[in-house]
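Comments concern the structure below.
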Amino acid sequence: MSNNKDSMLFNITPFLFGGLFLLGLVAPFMAYPVLVMKILCFGLFACAFNLLLGFAGLLSFGHAAFLGTAGYICGIMVRDVGVTPEVGILAGTLAAGALGWVFGVLAIRRTGIYFAMITLALSQMVYFLVLQWKVTGGEDGLQGVPRGHLFGIVDLSNTLSMYYLVFAVFCLGFFIIHRTVNSPFGQILKAIRENEPRAISLGYDVAKFKLMAFVISASLAGMAGATKTLVFQLASLTDVHWHMSGEVVLMTLLGGLGTILGPLVGAGTIVALQSELADTVGSWVTVIMGVIFVLCVLLFRRGIVGEIQALVKRAGIH
Amino acid sequence: MSEIFGIPTALLGSQLLVGLINGSFYAILSLGLAIIFGLLNIINFAHGAQYMMGAFVAWIGLTKFGINYWVSLLLAPILVGAVGVVLERTLLSRLYKLDHLYGLLLTFGLALIIEGVFRDQYGISGLSYDVPDALAGGVNLGFMFMPIYRGWVVVAALAVCFGTWFMIERTKLGAYLRAGTENPQIVQALGINVPLLITFTYGYGVALAAFAGVLAAPVFQVNPLMGSNLIIVVFAVVVIGGMGSILGSIVTGIGLGLIEGLTKVFYPEGSSVVVFVIMVIVLLVRPAGLFGKA
Chain A
1 MSNNKDSMLF NITPFLFGGL FLLGLVAPFM AYPVLVMKIL CFGLFACAFN LLLGFAGLLS
61 FGHAAFLGTA GYICGIMVRD VGVTPEVGIL AGTLAAGALG WVFGVLAIRR TGIYFAMITL
121 ALSQMVYFLV LQWKVTGGED GLQGVPRGHL FGIVDLSNTL SMYYLVFAVF CLGFFIIHRT
181 VNSPFGQILK AIRENEPRAI SLGYDVAKFK LMAFVISASL AGMAGATKTL VFQLASLTDV
241 HWHMSGEVVL MTLLGGLGTI LGPLVGAGTI VALQSELADT VGSWVTVIMG VIFVLCVLLF
301 RRGIVGEIQA LVKRAGIH
Chain B
319 MSEIFGIPTA LLGSQLLVGL INGSFYAILS LGLAIIFGLL NIINFAHGAQ YMMGAFVAWI
379 GLTKFGINYW VSLLLAPILV GAVGVVLERT LLSRLYKLDH LYGLLLTFGL ALIIEGVFRD
439 QYGISGLSYD VPDALAGGVN LGFMFMPIYR GWVVVAALAV CFGTWFMIER TKLGAYLRAG
499 TENPQIVQAL GINVPLLITF TYGYGVALAA FAGVLAAPVF QVNPLMGSNL IIVVFAVVVI
559 GGMGSILGSI VTGIGLGLIE GLTKVFYPEG SSVVVFVIMV IVLLVRPAGL FGKA
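If you're matching them up, the sequences are chains A and B in order.
Quick note on the numbering used here: the first sequence kicks off at 1 and runs consecutively.
Quick note on the numbering used here: the second sequence kicks off at 319 and runs consecutively.
Spelled out as structure tokens, the structure:
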């Protein structure tokens, strides 16, 4: 019975991904490109977060630190050091990965609720450092980051060129996450999520696997942050603030925890909602985000994609 | 002027007093978090927002209805605690069978809602709340000048903390509570109304936060965001101290406040991160926390 369901889902997956890929290619001609770029950046951010919470069961409440740090590093490298954009993105990604290693080593010493509190506290420390450090521009953030020329050739100030770079970065990140989840490593992560003592008794070095997952997740969150800095030519305190850490939890939860596409759907919904609401309701945006949060937790824990999957499964049986 | 380590004693004294006051707030708030966590297994992310609500109840009471400070000190914890009871009954109680992380996420959402509503109503600039007449002025201690209100904050906070400790460790209600923390099923089987106990505990934890908010109103400005940054520091305090011991929470809170005050004197740039740095050191040396069970 369960084989039947799985095989049916398996069959539609390539078509779904192919369709989405085509949609991604034509999206800048159908919608406002900057909005689509924003959705892709946050989508990658949420997918990276989901790798940790959805597949390894680790709730990090400090992922803004990786998004923000990578954004600042990329901005400083491109604006002040003068490297090309791809080097900036790479530098940001590596910096976020290194920071992720530090966070991971500390936070993995505790589990559950403490894990969340430790990551939150560490990211708040990063926030204060960014706020006080001269290089990062304090309250003003890092403004006027040039998009530059990709590999020194392609001018990214052209919106379409920028869009396809963002799309390529997203696809790369998404592919890495997809491969990770469906690898033996991903299976071990799921085993740890489902039953940690059992995974330990089977001889897995659980701490090492958790740390690896944390570093991969942090690096990819950083990749999203660095790319986002190039898109908006700006790195700001908003990106390192704990509100951002909460927002990525919300995106993932709304889209569907532990589903491959859920975080992207969640990010798209939240980003679109925010840009729609910003003009009409102003400061009520936070309240609305809070209400969505509460509703998701109480009534809608599977998220949008999770609910659709459940429907498809049910339809498959009858 | 007298000096210690090249620092004027008056400066040292006043920063230590500020540290002691912050420490008192850390102590009350981490105590509230600890007792809620003990019975509900939920980290109450809305704690900071509830602290802010306490301060606002006092401010609204004084400016709109002429309710004085002393009445607010009693009224705000009751009102905000009642809101907490309603939230627990209607929302939190639906989550007890699920992963504890959902409780954190739900209270995070609640914090966003509460903060957002107050920010819409009152903006983000601070509102001032006057020190009550009976506690205005200050005394000269010889080496420093101490505003009486600040001394009162420390005394009142410590009194509430030790009162709570006494209630939990030395009364029958406290015994039920401790037993419920150990094993709620057995306690329920012995004929004690555990759901009621849980509701009461959440309400009490929230009331503690609101009490701290009223105490804070005359010291800091009343501001919708006053709780959110504080609560993250309190999380670090909780990680450092561990949530296993009531006295441990109090000692850790006060101690960290004092260390923060000293850092302001000797290395001002580091004062906003010193608690987090200590958290890192504690995690490396003693991962379970200073008073935590391994």
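All C-beta atoms in this analysis are idealised placements derived from N, C-alpha and C, irrespective of residue type, glycine included.
CB contact below 8 Å: residue i versus chain B
{"i": "W101 (chain A)", "result": "no"}
{"i": "M289 (chain A)", "result": "yes"}
{"i": "T119 (chain A)", "result": "no"}
{"i": "T13 (chain A)", "result": "no"}
{"i": "V294 (chain A)", "result": "yes"}
{"i": "M37 (chain A)", "result": "no"}
{"i": "F128 (chain A)", "result": "yes"}
{"i": "V249 (chain A)", "result": "yes"}
{"i": "A116 (chain A)", "result": "yes"}
Chain A within 8 Å of residue i, Cβ atoms only
{"i": "I654 (chain B)", "result": "Since the displayed chain B opens at 319 and closes at 612, residue 654 (chain B) lies outside it and no answer follows."}
{"i": "P395 (chain B)", "result": "no"}
{"i": "R412 (chain B)", "result": "yes"}
{"i": "G427 (chain B)", "result": "yes"}
{"i": "A612 (chain B)", "result": "Unreliable positioning characterises A612 (chain B) in this predicted model, as indicated by a pLDDT of 47, which lies under 50. The coordinate reading is nonetheless provided below. False, the Cβ-Cβ gap to chain A never drops below 8 Å."}
{"i": "G434 (chain B)", "result": "yes"}
{"i": "Y440 (chain B)", "result": "no"}
{"i": "M616 (chain B)", "result": "Nothing about residue 616 (chain B) can be read from this structure; chain B reaches only from 319 to 612."}
{"i": "V524 (chain B)", "result": "no"}
{"i": "H365 (chain B)", "result": "no"}
{"i": "V540 (chain B)", "result": "no"}
{"i": "S443 (chain B)", "result": "no"}
{"i": "R496 (chain B)", "result": "no"}
{"i": "I431 (chain B)", "result": "yes"}
{"i": "P605 (chain B)", "result": "yes"}
Residue i, enclosing beta strand (DSSP E) - first and last residue
{"i": "M464 (chain B)", "result": "463-465"}
{"i": "N340 (chain B)", "result": "Element bounds for N340 (chain B): not the beta strand (DSSP E) but the alpha helix (DSSP H), 327-358."}
{"i": "N458 (chain B)", "result": "456-458"}
Local conformation of residue i per DSSP, three classes
{"i": "L445 (chain B)", "result": "strand"}
{"i": "N386 (chain B)", "result": "coil"}
{"i": "V540 (chain B)", "result": "strand"}
{"i": "A143 (chain A)", "result": "Sequence check: residue 143 (chain A) is Gln here, not Ala. Reduced to three states, the DSSP call for Q143 (chain A) is strand."}
{"i": "L598 (chain B)", "result": "Just to set this straight, residue 598 (chain B) is Val in the shown sequence, not Leu. V598 (chain B): helix per DSSP, three-state reduction."}
{"i": "A235 (chain A)", "result": "strand"}
{"i": "V83 (chain A)", "result": "coil"}
{"i": "L565 (chain B)", "result": "helix"}
{"i": "H149 (chain A)", "result": "strand"}
{"i": "V591 (chain B)", "result": "coil"}
{"i": "V36 (chain A)", "result": "helix"}
{"i": "D438 (chain B)", "result": "helix"}
{"i": "D279 (chain A)", "result": "helix"}
{"i": "D205 (chain A)", "result": "coil"}
{"i": "V154 (chain A)", "result": "strand"}
{"i": "G523 (chain B)", "result": "helix"}
{"i": "M1 (chain A)", "result": "With a pLDDT of 37 at M1 (chain A), under the threshold of 50, the predicted position of this residue should be treated as unreliable, and no value is reported."}
{"i": "S60 (chain A)", "result": "coil"}
{"i": "Y369 (chain B)", "result": "helix"}
{"i": "R109 (chain A)", "result": "coil"}
{"i": "A606 (chain B)", "result": "coil"}
{"i": "V472 (chain B)", "result": "helix"}
Option nearest residue i by Cα separation, candidates the options
{"i": "I108 (chain A)", "options": "A:K208, A:R193, A:F21, A:T259", "result": "A:K208"}
{"i": "V569 (chain B)", "options": "B:G324, B:Y344, B:T327", "result": "B:Y344"}
{"i": "P453 (chain B)", "options": "B:V473, B:R437, B:D438, B:F436", "result": "Residue identity check: residue 453 (chain B) is Leu in the sequence provided, not Pro. Out of B:V473, B:R437, B:D438, B:F436, B:V473 has the C-alpha closest to the C-alpha of L453 (chain B)."}
{"i": "F66 (chain A)", "options": "A:S245, A:N50, A:W284", "result": "A:S245"}
{"i": "P502 (chain B)", "options": "B:K415, B:T425, B:L428", "result": "B:K415"}
{"i": "F518 (chain B)", "options": "B:V398, B:E500, B:I431", "result": "B:V398"}
{"i": "F436 (chain B)", "options": "A:C296, A:S283, A:F115", "result": "A:S283"}
{"i": "Y447 (chain B)", "options": "B:I549, B:L602, B:S411, B:G531", "result": "B:G531"}
{"i": "V603 (chain B)", "options": "A:R110, A:I200, A:A98", "result": "A:R110"}
{"i": "L514 (chain B)", "options": "B:L495, B:A528, B:L423, B:F529", "result": "B:L495"}
{"i": "Y127 (chain A)", "options": "B:V555, B:S590, B:V375, B:P536", "result": "B:S590"}
{"i": "C479 (chain B)", "options": "B:N340, B:I385, B:I346", "result": "B:I346"}
Start and end residues, alpha helix (DSSP H) containing residue i
{"i": "K415 (chain B)", "result": "Run containing K415 (chain B): none; DSSP gives neither H nor E here."}
{"i": "M251 (chain A)", "result": "242-255"}
{"i": "G610 (chain B)", "result": "From DSSP, G610 (chain B) is part of no alpha helix (DSSP H); its letter is neither H nor E."}
{"i": "T499 (chain B)", "result": "490-500"}
{"i": "R198 (chain A)", "result": "196-201"}
{"i": "V126 (chain A)", "result": "112-132"}
{"i": "A70 (chain A)", "result": "64-76"}
{"i": "F293 (chain A)", "result": "285-299"}
Residue i beta carbon near the ligand MN (any heavy atom closer than 7 Å)
{"i": "F214 (chain A)", "result": "Ligands are entirely absent from the displayed structure, and the ligand MN is therefore not among its contents."}
Taking only runs of the beta strand (DSSP E) that begin and end inside the region 159-193 of chain A, which ones reach a length of at least 3 residues, in chain order? For the region 159-193 of chain A, not a single whole beta strand (DSSP E) run of length 3 or above is found.
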